[in-house]
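Below is one structure, written out as structure tokens; comments come after it.
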Amino acid sequence: MKKLKNIAVAVSLVVLGIAVSSRIVNAQESETFDFARAYEDYVFTLDTYNDAHSEYVLARAQFLQAGTLVSQTKARESTAAMLIARDNVVITYLTALRLRLAEAENVSDGTKQGLYNRMDSEIDWYQNHRDRISSAGSLSDLVSDSKEAESRFKTVQSVAYEVLVTIPTGKVGVLRSQLDSNVDAVRAKISEIRASGSNFDVSLIDRWTLEIDNKIVRSLDKEIEAQTQSASLFKTPGLNSYNSVIFKLQESLQFMREGNDFMKEIIRTLRST
């Protein structure tokens, strides 16, 4: 399940320096099923899958070596348990991702709903697949079930990576909007100072605001590059393509950080007037 591990790495990581994970809480601390609770479920099911996979590997090796009916039965039971646990990982992962998307800023309701629908469809598929595994009559049937789930996982990857790109893109947009608003406020203050007849020279601050404008434009350019790369990622999902998109968003964020540094300098200067 290398692909499953690749797609799972971003649920609790810090993306673009923006925390995407909530504080993990114990079940008794929160009665609300939110991202933190869903993430706990995901971690638990992933641990369960890892244990089941270890049991499966051992049982398979024993069956291949012994070839007895007892070892065959054990291999079938271990394989079924592993496949059920694997489906549960996908289900809880998508559930956590869905709830994280619900918390995302600057993502339209239409975009969210479209992604919800796609994730819900995958959750339903894996629940149905999981529930029929126990009825498999042979190892051969289980192998077919496994291949079916692995083939379907390509669809999971597509929607998961789209969500994982949509969340930080929305956050970058929020930060840019905040910086734009701060620039507008500074320009209003400059106009106020000029209208007051003050001897304070605002020409330096004017130049700094232009520098911030340039940072904002360059930040937007990087976001557009990320969006262009996203189109390719959504068609052919993969961790390397995802990392390339995130790198562009990190560059976009860096320009805004630089703009914020200029803004702090402007604020310090204005406070001294």
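Note that the sequence shown covers residues -27 to -1, 1 to 246 in mature numbering (1 follows the signal peptide of the UniProt record, and there is no 0).
C-beta atoms are modelled at their ideal positions from N, C-alpha and C, and glycine is treated no differently.
For Ala204, the first and last residue of its enclosing alpha helix (DSSP H): 176 to 208
Using a Cβ-Cβ cut-off of 6 Å (strictly less than) and excluding sequence neighbours within five positions of Phe36, which residues of its own chain qualify? Ser44, Gln45, Ala48
Would you mind sorting Glu95 into buried or exposed? The rule is 16 or more other CB atoms within 10 Å of its CB. buried
Thr18: which of Met55, Leu42, Val62, Thr5 sits nearest, CA to CA? Val62
Quick one, which of Ile178, Val16, Val132 has its alpha-carbon nearest Ala204's? Val132
Using three-state DSSP, classify Asp24 as helix, strand or coil. helix
Rounding to the nearest angstrom, what Cα-Cα distance links Ser108 and Glu123 in this structure? 19 Å
Measure the C-alpha to C-alpha separation of Arg167 and Ala161 and round it to an integer number of angstroms. 10 Å
Hey, how far is the Cα of Ser176 from the Cα of Leu193? 26 Å
Between Gln227, Arg105, Tyr134, Ser245, which lies nearest to Glu121 when the distance is taken from Cα to Cα? Arg105
Give the C-beta separation of Ala199 and Thr142 to the nearest angstrom, bearing in mind that I take them to be a contact with Cβ-Cβ under 8 Å. 7 Å
Just confirm the distance between the C-beta atoms of Leu74 and Val136, as a whole number of angstroms; I'd bet it's less than 8 Å. 5 Å
Indicate whether at least one CB of chain C lies closer than 8 Å to the CB of Asp7. Included in the structure is just one protein chain, with no chain C present.
Rounding to the nearest angstrom, what Cα-Cα distance links Thr68 and Asp97 in this structure? 11 Å
What three-state label does DSSP hand Glu78 in the structure shown? It is coil, neither helix nor strand.
Any idea what DSSP makes of Ser217, helix, strand or coil? helix
Label Thr201 either buried or exposed according to how many other C-beta atoms from any shown protein chain fall within 10 Å of its C-beta, with 16 as the threshold for buried. It is exposed - the Cβ of Thr201 has fewer than 16 other Cβ atoms within 10 Å.
Where the alpha helix (DSSP H) containing Thr142 begins and where it ends: 112 to 168
Are Glu78 and Lys127 closer than 8 Å when you measure CB to CB? no
Do Phe228 and Arg191 have their C-beta atoms closer together than 8 Å? yes
Check whether the Cβ atoms of Ser51 and Ala39 sit closer than 8 Å, and answer yes or no. no
On the three-state DSSP scale, how would you describe Arg(-5)? Low confidence applies to Arg(-5): its pLDDT is 35, below 50, so where it sits in the model is not reliable, and the reading given next is rough at best. If DSSP states are grouped into helix, strand and coil, Arg(-5) belongs with coil.
Run the CB neighbour count on Thr41, radius 10 Å, all protein chains shown included, and call it buried at 16 or more, exposed below. Classification of Thr41: exposed, given that the 10 Å Cβ count is below 16.
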